[in-house]
Amino acid sequence: MFRISTLFVAFGLLAACTSANAQEADQAWVTNPPEGLQTVVDAAVTAGNEATQIARGLTETTSPAIAQIETLNRQVERTGQISELLGDTIGKGLLALRELQKEQEAILAALSPEERSALEARSLAEASRAAVNRHVRSTTWVCPVAGEMQYRDSWGEPRSGGRTHDGIDIMARWRTPLVAPEPGTVVFRRDKIGGLSFNLTTANGDVWFGTHLSSYGNDGWVEAGTVVGYIGRSGNAVGNHVHFEYRPGGHPDNSVNPFPVVEAHCANGRTAPRSQEPSE
Ligand SMILES: [Zn+2]
């Protein structure tokens with residue numbers, strides 16, 4: 010469109026120049042024929058030169074604009090092609106994902122209840138291991154005993170009545186403060202075996218459990234480091250200590266060994282073990 014209209018203007022100007030010079034030439038031819046012949050030739054040459062100059066000027070002005078428009082058109086075309094390609098790729102990816110999901114569902118549906126629960130147990134164990142590692146590396150986790158203490162890895166050891174030890178025992182002096190290792194909600198309860206106990210549930214559903222307390226501290230929502238109770242020997246405890254458990258995800262049956270976490274954050278208060286070790 011742009012190119013066509015400029016060409017019309019160019020031809021129009023060329024025609025105007027040619028006719029003006031031609032009129033002069035006709036008059037010269039009538040008044041003085043021999044000189045007029047020269048004038049006609051001169052006028053034609055002048056008109057031709059002017060037309061060439063005008064055409065050249067117009068070409069110089071319009072060419073960059075046309076080139077720019079052509080570039081833009083090419084870019085638009087390429088963008089269209091790219092977005093079509095992308096749409097196609099994303100679509101194929103989604104289809105592949107859906108296929109995978111169907112395959113997974115089919116595999117799960119084909120499992121026996123035993124296989125299914127074994128798979129769930131394995132994924133829970135993996136998640137728990139990852140949670141323990143996260144707490145070991147944590148820079149905000151606080152040792153639950155605020156004072157001198159002794160502890161060792163006694164997780165899984167046999168206990169009275171055929172039970173196994175599903176926590177570790179941290180021995181400390183009578184009424185040493187017990188603090189929240191993480192922010193969370195503290196609930197107290199009196200337990201037949203453990204005596205005075207606390208449950209701290211964190212925002213992601215993990216539970217830290219402590220028992221054999223001499224008395225309670227703060228309950229409800231607490232920040233890490235808040236006193237939640239005091240070391241004692243309530244319940245079936247032998248000697249002053251806190252029986253400390255970690256249940257990732259809050260599952261009552263999913264108690265995992267908190268020793269690596271305690272080891273990583275309680276070393277400052279750890280002292281040499283006493284001759285008689287308390288238990289339970
Ligand atoms: Zn214990």
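Read in order, the letters of the sequence shown are residues 10 to 289 in the numbering used here.
Glycine included, each C-beta is placed from N, C-alpha and C at the ideal position.
What you are looking at is a predicted structure, and each value in this text was computed from that prediction instead of being measured.
Item                                                                                                                           : Value
Whole-Å CB distance - residue 249 paired with residue 183, under 8 Å assumed                                                   : 5 Å
Cut-off 7 Å between Cβ atoms - residues of its own chain near residue 16, not counting five sequence neighbours on either side : Its pLDDT being 43, under 50, residue 16 is placed unreliably by the model, and the measurement read from it follows with that caveat. Excluding residues within five positions, none has a Cβ falling inside 7 Å.
Buried/exposed call for residue 173, threshold 16 Cβ in 10 Å                                                                   : exposed
Buried or exposed by the 16-neighbour rule on C-beta atoms within 10 Å, applied to residue 203                                 : buried
Cβ-heavy atom distance, residue 274 to ligand 1, below 7 Å                                                                     : no
Secondary structure of residue 142, DSSP reduced to three states                                                               : helix
Per-residue DSSP class, three states only, for residue 186                                                                     : strand
heavy atom of ligand 1 below 7 Å from residue 252 C-beta                                                                       : yes
Residue 178 beta carbon near ligand 1 (any heavy atom closer than 7 Å)                                                         : yes
Given residue 144 as reference, the closest of 215, 81, 83, 239 once Cα atoms are compared                                     : 215
Residue 144 Cβ short of 7 Å to ligand 1 heavy atom set                                                                         : no
Any non-hydrogen atom of ligand 1 within 7 Å of residue 260 CB                                                                 : no
Closest Cα partner of residue 188 within the set 229, 153, 262                                                                 : 153
Cβ neighbour criterion (16 or more within 10 Å) applied to residue 137                                                         : buried
Proximity test, residue 125 beta-carbon vs ligand 2 heavy atom, cut-off 7 Å                                                    : Absent from the structure shown: ligand 2. Ligands present: ligand 1.
The segment 155-162 touching the segment 265-279, judged by at least three CB pairs closer than 8 Å                            : yes
Classification of residue 256 by the beta-carbon crowding that lies within 10 angstroms, buried from 16 upward                 : buried
Endpoints, alpha helix (DSSP H) assigned at residue 353                                                                        : Limits of the chain in this structure are 10 at one end and 289 at the other, which puts residue 353 out of reach.
Coil, strand or helix - residue 88 by DSSP                                                                                     : helix
Three-state class that DSSP yields for residue 256 in the structure shown                                                      : strand
Reduced DSSP secondary structure (H/G/I, E/B, other) of residue 151                                                            : coil
Beta-carbon proximity check, residue 306 vs residue 236, cutoff 8 Å                                                            : This structure leaves residue 306 out entirely; the chain is present only between 10 and 289.
Own chain residues within Cβ distance below 6 Å of residue 25, not counting five before or after                               : Note on residue 25: pLDDT 45, under 50, position unreliable in the model; the coordinate value appears next. Answer for residue 25: no residue qualifies.
Own chain partners of residue 157 with C-beta closer than 6 Å, once the 5 adjacent residues on each side are dropped           : 278, 280
The beta strand (DSSP E) enclosing residue 221, as first and last residue numbers                                              : 216-222
Residue 280 (DSSP reduced to helix, strand or coil)                                                                            : coil
Residue range of the unbroken beta strand (DSSP E) whose run includes residue 205                                              : 204-210
Per-residue DSSP class, three states only, for residue 235                                                                     : coil
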